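Residue numbers (our numbering): 55 to 340. Using N, Cα and C, we set each Cβ at its ideal position, and we do this for glycine too. Bear in mind that the values here come from a model prediction, so they are computed numbers and not experimental data.
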Ligand code: SF4
């Protein structure tokens, strides 16, 4: 099997920094209870390793309820960011806070806060149930409106003259452009701020380009990972090639490779390098 290793792939700066912050916290505070409020980054292997470092996972959909489970010690906020309400609750509970929010997500929080302070209603394109939109919408509930699909845009009932549209950092570049266009069709004066991060853009563009020269693409990443799932999506929709998400080499199904000569391999921004290496070695050995 001819294997095309797509670059860039794997860890982005936000993931590297979040893991470093968590590990440093565990090292600096031996004996203290340290919890991460959700998956630090959306990869189960990374989370398992952190738990082996003594950082306990508090995995609740509602992070305020997750905080209520914590009885002192340190809480680490994940790379996806948290709402002001979560920070306030942590403070009220007397917890030490370590904020591992990616700097790119912080930029979006700051942007949304600034827009709302200047009188805008913000249409925010993102995925329901993902922690990043929950954190951003929480900056100004009632003034930040989460939309996931075109129907949500059609259902908006905004009367404010000042409207802005922005987005989650890890969406499909192409889907988001279409959603922004739709918002501006409904609200022609809406100001657009595309917040898809550089790491996501670069990985998607590289995957789509490389896929054109491959029979299929395998994306190494977790089901929870938004940017990994978007890599599969953009290859399928833009390059019109089969694409599959695998957590590890064990998930590869031999029938995917029947009659195929060239496979592209990429990985999400939170996927450990060794998992991708194992997939590449397996494919190269075929
Ligand atoms: Fe930050 Fe983008 Fe990486 Fe998410 S994918 S952690 S927003 S750099």
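Rounded to a whole number of angstroms, what is the C-alpha to C-alpha distance between residue 91 and residue 114?
8 Å
I believe residue 299 touches residue 318 by the beta-carbon criterion, under 8 Å. Please report the beta-carbon distance rounded to the nearest angstrom.
Contact flag wrong, Cβ pair sits at about 13 Å.
When you compare each of 69, 78, 195, 226 to residue 128 by their alpha carbons, which one comes out closest?
78
Nearest-angstrom Cα distance between residue 183 and residue 201?
If I take the Cα positions, the gap works out to 12 Å.
Exercise answer, beta-carbon shell around the ligand SF4 heavy atoms below 6 Å:
66, 67, 68, 69, 133, 156, 158, 159, 223, 224, 251, 253, 254, 281, 323
With DSSP as the reference, identify every bridge partner of residue 88, one or two as the case may be.
109, 128
Residues that residue 153 bridges to, as DSSP identifies them:
131
Contact between the region 156-165 and the region 223-230 (3+ Cβ pairs under 8 Å):
yes
When DSSP labels each residue in this structure, what does residue 314 get in the three-state scheme?
Three-state result, residue 314: coil.
May I have a chain-ordered list of the beta strand (DSSP E) segments no shorter than 3 residues that lie completely inside the region 218-303?
Whole beta strand (DSSP E) segments, 3+ residues: 270-274, 297-300.
Distance, Cα to Cα, residue 254 vs residue 278?
15 Å
Within 10 angstroms of the Cβ of residue 199, are there 16 or more other Cβ atoms? Answer buried if so, exposed if not.
buried
Leaving out five residues before and five after residue 218 in sequence, what residues of the same chain have Cβ atoms less than 8 Å from its Cβ?
Counting only Cβ-Cβ distances below 8 Å, and skipping sequence neighbours, we find 169, 174, 175, 176, 177, 244, 245, 246, 247.
Should the region 302-317 be regarded as contacting the region 118-128, the criterion being three or more beta carbon pairs within less than 8 Å?
no
Who are residue 198's beta bridge partners in DSSP?
176, 195
Please go through the same chain and pick out, in chain order, the residues whose beta-carbon is closer than 8 Å to the beta-carbon of residue 132, but skip the five residues on each side of it.
72, 90, 91, 92, 93, 94, 95, 154, 155, 185
Exposure label - residue 257; buried when at least 16 CB within 10 Å
buried
Tell me, to the nearest whole angstrom, how far the beta carbon of residue 324 is from that of residue 97; I am working on the premise that it is less than 8 Å.
4 Å
Helix, strand or coil for residue 211, going by three-state DSSP, please let me know.
coil
Spatial distance of residue 235 from residue 338 (CA atoms)
42 Å
How far does the beta strand (DSSP E) with residue 58 in it reach, from first residue to last?
56-59
Alpha carbon to alpha carbon, what distance is there between residue 68 and residue 158?
8 Å
Can you tell me where the alpha helix (DSSP H) with residue 327 in it begins and where it stops?
327-338
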